[in-house]
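Colleague:
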Amino acid sequence: MDIKDQKKDCSEKLEIIYWNKLRCGDTSALGALYDRFVDVLFFHGMGKDHNRDYVMDCIHDLFFDLYKYRSKLSDTDNVEYYLKKSLNRKINRQYKKKDMPFEIESNLLKKSLVKNYTDSYEDDLIREEGMAERSLKLHEAIDTLTPKQKKGLYLRFDQERTYEEIADIMDTSIESARTTVYRALKTLRKYPFSLGIFIKIIFF
Numbered sequence: 000m001d002i003k004d005q006k007k008d009c010s011e012k013l014e015i016i017y018w019n020k021l022r023c024g025d026t027s028a029l030g031a032l033y034d035r036f037v038d039v040l041f042f043h044g045m046g047k048d049h050n051r052d053y054v055m056d057c058i059h060d061l062f063f064d065l066y067k068y069r070s071k072l073s074d075t076d077n078v079e080y081y082l083k084k085s086l087n088r089k090i091n092r093q094y095k096k097k098d099m100p101f102e103i104e105s106n107l108l109k110k111s112l113v114k115n116y117t118d119s120y121e122d123d124l125i126r127e128e129g130m131a132e133r134s135l136k137l138h139e140a141i142d143t144l145t146p147k148q149k150k151g152l153y154l155r156f157d158q159e160r161t162y163e164e165i166a167d168i169m170d171t172s173i174e175s176a177r178t179t180v181y182r183a184l185k186t187l188r189k190y191p192f193s194l195g196i197f198i199k200i201i202f203f
């Protein structure tokens, strides 16, 4: 086995380690997998659909599902193939959500995101990093968003609305709804959260 093959073999083994850690609920492994595969998945997805925003939406939804259903993930010896296959299904999927009542304001978004963060981390990360400080930073980050961006994030990630539904609720185009959410996420990424924590805050 030459050096190139050895590196590939080591890389694949590391991916499997991350995968199995995720199956056990390790959120840092989710962040590691996201960092490792987001570009690969993006270029793969663009080969299936040329809408950049839609492809990124599907990738985000894929990682949402990976965490949400982590305990039910199957064993695999090829993580990249598994993710690409799952992304293909996402890209071809028609999203349908039931109608649900809607109420939005800035403090509601903060309450939702902070609560999800607290519930998930209170047994380990909170003691290590300080919940009060983390919550304050999250509030400060959310305060930098425009009211429209806060509303878009709340609808997308708390209410799990489709972009079609968001566009209808906000009386705008689907493209504008996607752009609003994308810009909000881009703004929040500037703040000093580790990627694993960021994904947890935004997606769960």
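With numbering that gives the first Met the number 0, letter number 26 in the sequence shown gets 25, and the count goes up by one each step, no holes.
Just so you know, even glycine gets a beta-carbon here, dropped at the ideal spot from N, CA and C.
Small disclaimer: the values here were computed from a predicted structure and weren't measured.
Determine the DSSP secondary structure at Tyr68, reduced to helix, strand or coil.
Modeller: Position 69 of the sequence shown, counted from the first residue, corresponds to residue 68. When DSSP states are grouped into helix, strand and coil, Tyr68 belongs to the coil group.
Colleague: On the three-pair Cβ rule with 8 Å, is the segment 16-31 touching the segment 42-50?
Modeller: no
Colleague: What number of angstroms, rounded off, separates the C-alpha of Ala31 from the C-alpha of Arg182?
Modeller: Locating residue 31 in the sequence shown gives position 32, where the first residue counts as 1. Locating residue 182 in the sequence shown gives position 183, where the first residue counts as 1. For Ala31 and Arg182, the distance between alpha carbons rounds to 23 Å.
Colleague: Should Gly24 go down as buried or exposed, given a rule of 16 or more other Cβ atoms within 10 Å for buried?
Modeller: Taking the first residue of the sequence shown as 1, we reach residue 24 at position 25. Burial call: exposed.
Colleague: Which word fits Asp56, buried or exposed, when buried means at least 16 other C-beta atoms lie within 10 angstroms of its C-beta?
Modeller: Taking the first residue of the sequence shown as position 1, residue 56 is located at position 57. With 16 or more Cβ atoms within 10 Å of its Cβ, Asp56 is classed as buried.
Colleague: Met45 lies in the alpha helix (DSSP H); which residues open and close that run?
Modeller: Taking the first residue of the sequence shown as 1, we reach residue 45 at position 46. From DSSP, the alpha helix (DSSP H) with Met45 extends over Thr26 to Met45.
Colleague: Compare the beta carbon distance of Val37 and Glu79 with 8 Å and say whether it is the shorter of the two.
Modeller: Locating residue 37 in the sequence shown gives position 38, where the first residue counts as 1. Locating residue 79 in the sequence shown gives position 80, where the first residue counts as 1. No, they are not a contact pair.
Colleague: For my contact list, Leu154 and Ile168 are in at a C-beta cut-off of 8 Å; report their separation, rounded to the angstrom.
Modeller: Walking along the sequence shown from the start, residue 154 turns up at place 155. Walking along the sequence shown from the start, residue 168 turns up at place 169. That belief holds up - the Cβ atoms of Leu154 and Ile168 are roughly 6 Å apart, short of 8 Å.
Colleague: Contact defined as beta carbons within less than 8 Å: I believe Leu65 pairs with Lys89. What is the distance between those atoms, to the nearest angstrom?
Modeller: For this step, residue 65 is matched to residue 66 along the sequence shown. For this step, residue 89 is matched to residue 90 along the sequence shown. That belief does not hold up - the Cβ atoms of Leu65 and Lys89 are roughly 11 Å apart, past 8 Å.
Colleague: Which runs of the beta strand (DSSP E) fall wholly inside the segment 138-162 and span at least 3 residues, in chain order?
Modeller: none
Colleague: If I measure Cβ to Cβ from Arg35 and keep anything under 7 Å in the same chain, skipping five residues before and after, which residues do I get?
Modeller: Start at 1 with the first residue of the sequence shown, and residue 35 comes out as number 36. Once the five neighbours on either side are set aside, the close Cβ partners of Arg35 are Glu14.
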